[in-house]
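Student: I have a structure I would like to understand better, so I am pasting it below and will then ask my questions one at a time.
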Amino acid sequence: MDDIALDPFEPSPAPKIDPSIDIEVEIHRLRHERNAVILAHYYQDPHIQDIADFVGDSLDLSRKAAATDADVIAFCGVRFMAEVAKILSPEKTVVLPDMRAGCSLEDSCPPQEFAAFRRAHPDHLALTYINCSAAVKAETDIIVTSSNAEAIINQIPLDQKILFAPDRHLGAYLARKSGRDMLLWPGSCIVHERFSERELIKLQAAHPDAPVAAHPECPEHILELADHVGSTSSILKFASDSPAQTIIVATEPHIIHQMQKAQPDKTFIGAPGADGNCNCNMCPFMGMNSMEKLYVALRDLEPQIHLDEDVRKRALRPLQKMLEMSPKSAPMTDVSSIGAERI
């Protein structure tokens, strides 16, 4: 694992594969032979999204995989997402096409430093965004997602101090929404920080009837320009429900693939970066996965996610707490008993 930390933006080398084979056909064959379920996050390459059994948010994908009888989970996303799948499905083999597919939010919150931060603030309840390592989850009181965080915060007594990690932008947005004064860990997502306020204003001027949908991981100056702020699934719903024929999207641009499939008559424009286009806002970590690496992962069942059992059990508890506090109107697979026999 040491080589993973050397250059976080350098993907693993492309695998050497017989050029005569049909990668897509082989993936389908191995899916059945391995009794595997293929998961793809919204930020994956469209080819991977189209071959997946499920496409969605990170936690939703792990819940769906846990509810299947699959023996293998091939998670096309980033490392912390595959770890969540392993936390919820310890009996399943979980593979990630490229183990170097990390996350800037995860990297910004090293477990030992977070544990020291917690010890320095023992009177604070620790709420941690799901975009973190299993080791950080194990040091957490409640895990939250961008979909349920506000509802969970609103259930916490007003006299209870809260610390929020690792995304300072999401934390600041939630503090404004809830009126709570929260202690924020100084992490951020490199993708959502790259949107340019100046370029977005210029794009809005060119498309005055186009609403802006933004993810709350964006800095405040971008969120202030948005007509809708929400998680990836919330942004997809807004894109579907909005009567607007053109919509500007301020999150990783690969999500537009699903929008175009659902609403082919609408136009979706990725919010621009400083260079005036959305290309610089593509997640370099999500882009490390490929169809070739997915094929090899299913063929070799490597690279595989392994978690220390004590860490897994401690990381499961704040996920269960999240389930207990999540709005009941939001359908969620019951993970309250998943892995419970090992606790």
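Using my numbering, the first residue of the sequence shown is number 1, and each one after it goes up by one.
Backbone N, C-alpha and C fix where the C-beta goes; we use that ideal spot for every residue, glycine too.
Are the Cβ atoms of Ile142 and Ile130 separated by less than 8 angstroms?
Tutor: Residue 142 sits at position 142 when you count from the first residue of the sequence shown. Residue 130 sits at position 130 when you count from the first residue of the sequence shown. Against a cut-off of 8 angstroms, the Cβ pair of Ile130 and Ile142 comes out as no contact.
Student: Can you tell me where the alpha helix (DSSP H) holding Leu301 begins and where it ends?
Tutor: For this step, residue 301 is matched to residue 301 along the sequence shown. Taken as a continuous stretch (DSSP letters only), Leu301 belongs to no alpha helix (DSSP H), as it is neither H nor E.
Student: Does the region 202 to 211 come close enough to the region 283 to 302 that 3 or more CB-CB pairs lie under 8 angstroms?
Tutor: The answer is no - the region 202 to 211 does not touch the region 283 to 302, with fewer than three Cβ pairs under 8 angstroms.
Student: Using the Cβ count rule (16 or more neighbours within 10 Å means buried), how would you classify Ser240?
Tutor: Taking the first residue of the sequence shown as position 1, residue 240 is located at position 240. An exposed status is given to Ser240, since fewer than 16 other beta-carbon atoms sit within 10 Å of its beta-carbon.
Student: Pop quiz: Glu199 and Gly273 are said to be a contact at Cβ under 8 angstroms. What is the actual Cβ separation, rounded to whole angstroms?
Tutor: As a first step, residue 199 is located in the sequence shown; it is residue number 199 there, counting from the start. As a first step, residue 273 is located in the sequence shown; it is residue number 273 there, counting from the start. Sure, about 7 angstroms apart at Cβ, within 8 angstroms.
Student: Just the C-alpha distance for Glu113 and Ala134, rounded to the nearest angstrom, thanks.
Tutor: Locating residue 113 in the sequence shown gives position 113, where the first residue counts as 1. Locating residue 134 in the sequence shown gives position 134, where the first residue counts as 1. Each residue's alpha carbon lies about 14 angstroms from the other.
Student: Assign Ser53 to one of three DSSP states: helix, strand, or coil.
Tutor: Position 53 of the sequence shown holds residue 53. According to the sequence as given, residue 53 is Asp; it is not Ser. Asp53 falls in the coil class under three-state DSSP.
Student: With a CB to CB cut of under 7 angstroms and the five nearest residues on each side skipped, what residues in its chain are close to Cys218?
Tutor: Taking the sequence shown and counting its residues from 1, one reaches residue 218 at position 218. Once the five neighbours on either side are set aside, the close Cβ partners of Cys218 are His169, His192, Phe195 and Ala250.
Student: From Glu324 to Lys261, what distance separates their C-alpha atoms?
Tutor: Locating residue 324 in the sequence shown gives position 324, where the first residue counts as 1. Locating residue 261 in the sequence shown gives position 261, where the first residue counts as 1. Between Glu324 and Lys261, the C-alpha separation is close to 34 angstroms.
Student: Determine the closest residue to Lys202 out of Cys189, Asp275, Ile256 and Ile38, with distance taken between C-alpha atoms.
Tutor: Position 202 of the sequence shown, counting from 1, holds the residue named residue 202. Of the listed residues, the one whose Cα sits closest to Lys202 is Asp275.
Student: Ile162 bridges to which residues according to DSSP?
Tutor: Numbered from 1 along the sequence shown, position 162 holds the residue referred to as residue 162. Bridge partners of Ile162: Leu125.
Student: Compute the beta-carbon to beta-carbon distance between Val94 and Ala82, rounded to the nearest angstrom, for a pair I have assumed lies under 8 angstroms.
Tutor: Locating residue 94 in the sequence shown gives position 94, where the first residue counts as 1. Locating residue 82 in the sequence shown gives position 82, where the first residue counts as 1. Val94 to Ala82, Cβ: 5 angstroms. Contact.
Student: Please work out which residues of its chain come closer than 6 angstroms, Cβ to Cβ, to Phe54, disregarding the five sequence neighbours upstream and downstream, and give them in chain order.
Tutor: The residue labelled residue 54 in the question sits at position 54 within the sequence shown. For Phe54, where only same-chain residues beyond five positions count, the Cβ hits under 6 angstroms are Leu39, Leu61 and Lys64.
Student: For Asp57, which of Pro264, Glu252 and Gln263 has the nearest alpha-carbon?
Tutor: Numbered from its first residue, the sequence shown carries residue 57 at position 57. Residue Glu252 is the option with its Cα nearest to Asp57.
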